[in-house]
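Residue numbers (the working numbering): 4 to 209.
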């Protein structure tokens with residue numbers, strides 16, 4: 004991320020209205036670094052969702068870029084379609100450890116437009132929705148409308164997510180770069196991975 008982008012993100016965090024921060028909701032959802040700065044200012048847990056990182060980048064490259072913009076008090080985990088229920092279980096365990104209601108911000112990385120803006124990425128929207136749905140199943144369901152809409156997108160399209168992943172703009176970018184649909188499809192298989200990738204754990208955040 005450039006120095007200019009970093010400054011813009013910091014400005015967004017200080018100028019965003021309380022409404023955009025979704026502050027009254029336990030579970031919030033927004034997009035990319037600017038959205039992260041807006042909804043994660045008081046979060047205990049941030050779930051960073053990037054199902055198909057940019058071609059050539061490793062799995063958690065965008066998450067590492069996001070870490071400097073996440074409050075140091077927040078634990079950070081990676082989330083996706085394959086780990087939705089595992090992430091929900093981890094979040095509920097962290098809430099028990101805290102001994103109070105945990106504030107959770109789910110942030111979709113999205114893609115990048117030719118002009119450097121944020122591109123809507125359907126796979127990240129669906130994965131964020133899968134995590135919202137899994138969290139509701141374990142009792143964390145005081146969701147913002149933005150999080151609820153992501154959840155509805157996932158539940159409405161649950162049976163097609165693997166196909167949508169490979170057919171999406173991000174999926175087709177990877178196909179054009181030489182990956183086969185069969186190589187991409189596993190990232191769209193819901194709840195097939197039990198391990199959660201912790202990008203910054205609770206002990207580091209305290």
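Even for Gly, the Cβ is constructed at its ideal location relative to N, Cα and C. A quick note: this is a predicted structure, and the numbers were derived from the prediction, not measured.
Close Cβ partners of residue i (< 7 Å) along its chain, the five nearest in sequence each way excluded
i	result
residue 145	28, 29, 30
residue 25	31, 42, 147, 149
residue 3	The shown model of the chain, from 4 to 209, leaves out residue 3, and the question about it has no answer.
Span of the beta strand (DSSP E) around residue i
i	result
residue 33	30-34
residue 77	Element bounds for residue 77: n/a, residue is neither H nor E.
residue 52	48-52
residue 201	201-203
residue 109	107-111
Straight-line Cα distance separating residue j from residue i
i	j	result
residue 127	residue 155	14 Å
residue 253	residue 35	Limits of the chain in this structure are 4 at one end and 209 at the other, which puts residue 253 out of reach.
residue 196	residue 89	7 Å
Beta-carbon contacts of residue i that lie in its chain and below 8 Å, excluding the five residues immediately before and after
i	result
residue 139	146, 154
residue 190	54, 55, 83, 84, 85, 126, 168
residue 198	86, 89
Distance between beta carbons of residue j and residue i, contact taken as under 8 Å
i	j	result
residue 80	residue 200	6 Å
residue 97	residue 78	6 Å
residue 130	residue 52	5 Å
residue 94	residue 143	7 Å
Residue burial classification, residue i (beta-carbon count within 10 angstroms, cutoff 16)
i	result
residue 136	buried
residue 157	buried
residue 33	buried
residue 87	buried
Residue i beta carbon near the ligand FMN (any heavy atom closer than 6 Å)
i	result
residue 170	The model depicted lacks the ligand FMN and carries no ligand whatsoever.
Boundaries (first-last residue) of the alpha helix (DSSP H) holding residue i
i	result
residue 127	125-140
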